[in-house]
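All remarks here apply to the structure that follows.
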Amino acid sequence: MNKKFKSLLNKFTLTSLSVFALFIIYSQSGFVDFLIFVFSLFIHETAHLITARIFSVRVNNVSLLPFGAKISYVSHDMRPDKEFLLYFSGPLANFIFAGIIVFASFYMYIPSYDFFIFYNILIGLINLVPTIPLDASRCIFSLLQIKLSKPDAFKYVFIISFIVDLSLLFLGVYVLLLGSKNVLLILLSVFLFNNLKSEKDKQEYSYIKNNKVLNKDFLKI
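Using UniProt numbering, the final residue of the sequence shown is 221, and nothing's skipped along the way.
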C-alpha cells in the first residue's frame, strides 16, 4: 500500500455511533438519497481540506461523527481571519454547489437534482448553527480571538453552545410529546452535549500544557 495513502487512511476514525447513525439515515432515506447525502458531506469536508492545504495547515485527524465529520487541525497561532475562512469554507462549498446545480438544471437533465440541492443546503445550514463542534461555533471562536484571549473567547462559545444544545433537547422532547416517534433531535442534543464537555476538557488540557499552571478562573462557567 502507498505510504501516503496509508498515512491519510490512518487519520480517519469511525465510531460505532457513527455507523449506527448512518444506518438510520440509509434505512429512512433509501440508497440513492443516502449516496447523495454522503456526497454532499464529501463536498463539505473536501472544501475544509483544500482550504487547510492552501493555508498550509496540517490535518491531524478526521473523525466521522453521527451527523457529519470533524477535522482536527494542527494550527499554531493561525490568524483569526484565515481560521474563519478555514471553517466557513465547508458551508460555503455546499451553498455554491447547490447554486451550480440550480443553474445547470436549466440547461441539462440532472437525476435527483432536487435532492442534491436539498442536502447541500441542509448540511450548509446545519453547520451554521452556533454550537460546538459545528463550523459556526469555530467561526465565532475565531472572530472573538481578534479582541479576546483564547480562554475568554471559548467561554462565550461554550455558553452559546450550551444554550443551543439545551434548546434542541427541549425541542426534541416537545416533538415527542406531540406524538412523533422521531428521536433524532434528542440524539443530536445528547451528542452535542457530550462533545461540548469533551471540547471543554480539551481546552483545559491545552491551556495547562501551554501555560504550565491553570488559572482558577479559566473556563469557570
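Backbone N, C-alpha and C define an ideal beta-carbon position, used for all residues, glycine too.
These figures come from a predicted structure and were not determined experimentally.
- Taking a contact to require three or more Cβ pairs closer than 8 Å, the stretch 80-87 and the stretch 127-141 qualify as touching.
- Taking all protein chains shown into account, F103 has fewer than 16 neighbouring C-beta atoms within 10 Å of its C-beta and is therefore exposed.
- Excluding its 5 nearest sequence neighbours in each direction, R79 has no C-beta neighbour in its own chain below 6 Å.
- At the C-beta level, F154 and Q203 come within 8 Å of one another.
- Assignment of V59 by DSSP, reduced to helix, strand and coil, places it in the strand class.
- With contacts defined by Cβ atoms closer than 8 Å, I121 and A93 do not form a contacting pair.
- Per DSSP, the beta bridge partners of Y73 are V59.
- Around D165, the same chain offers T131, S189, L192, F193 and L196 as residues with beta carbons nearer than 8 Å, after the five sequence neighbours per side are excluded.
- By the Cβ-count criterion, P111 is exposed, with fewer than 16 other Cβ atoms from all chains shown falling within 10 Å of its own Cβ.
- Pairing I71 with V173, the inter-Cα distance amounts to about 30 Å.
- For P80, the enclosing alpha helix (DSSP H) begins and ends at P80 to S105.
- Within its own chain, the residues whose Cβ lies closer than 8 Å to the Cβ of L148, once the five positions on either side in sequence are excluded, are Y156, listed in chain order.
- Residues S89 of the same chain have their beta carbon placed closer than 8 Å to that of I50, with the five preceding and five following residues left out of the count.
- Within the same chain, Cβ atoms closer than 6 Å to the Cβ of S40 are found at Y119, N120 and I123, the five residues on either side in sequence being excluded.
- Residues of the same chain with a CB within less than 6 Å of the CB of F95, apart from the 5 flanking positions on each side, are G124 in chain order.
- Taking all protein chains in view, the Cβ of V32 is surrounded by fewer than 16 other Cβ atoms within 10 Å, so the residue is classified as exposed.
- In terms of Cβ geometry, Y113 and I101 form a close pair [threshold 8 Å].
- Looking at I140, F34, F158 and S142, the one whose alpha-carbon comes closest to that of S198 is F158.
- In this model, D81 and S56 are separated by some 14 Å (Cα to Cα).
- Within the same chain, I71, L86, Y87, S89 and G90 come within 8 Å of H48 by CB-CB distance, once the 5 residues on both sides are set aside.
- With a contact defined as Cβ atoms closer than 8 Å, V175 and L185 qualify at about 6 Å.
- Proximity to I146 across E83, T46 and Y109 peaks at E83, based on C-alpha coordinates.
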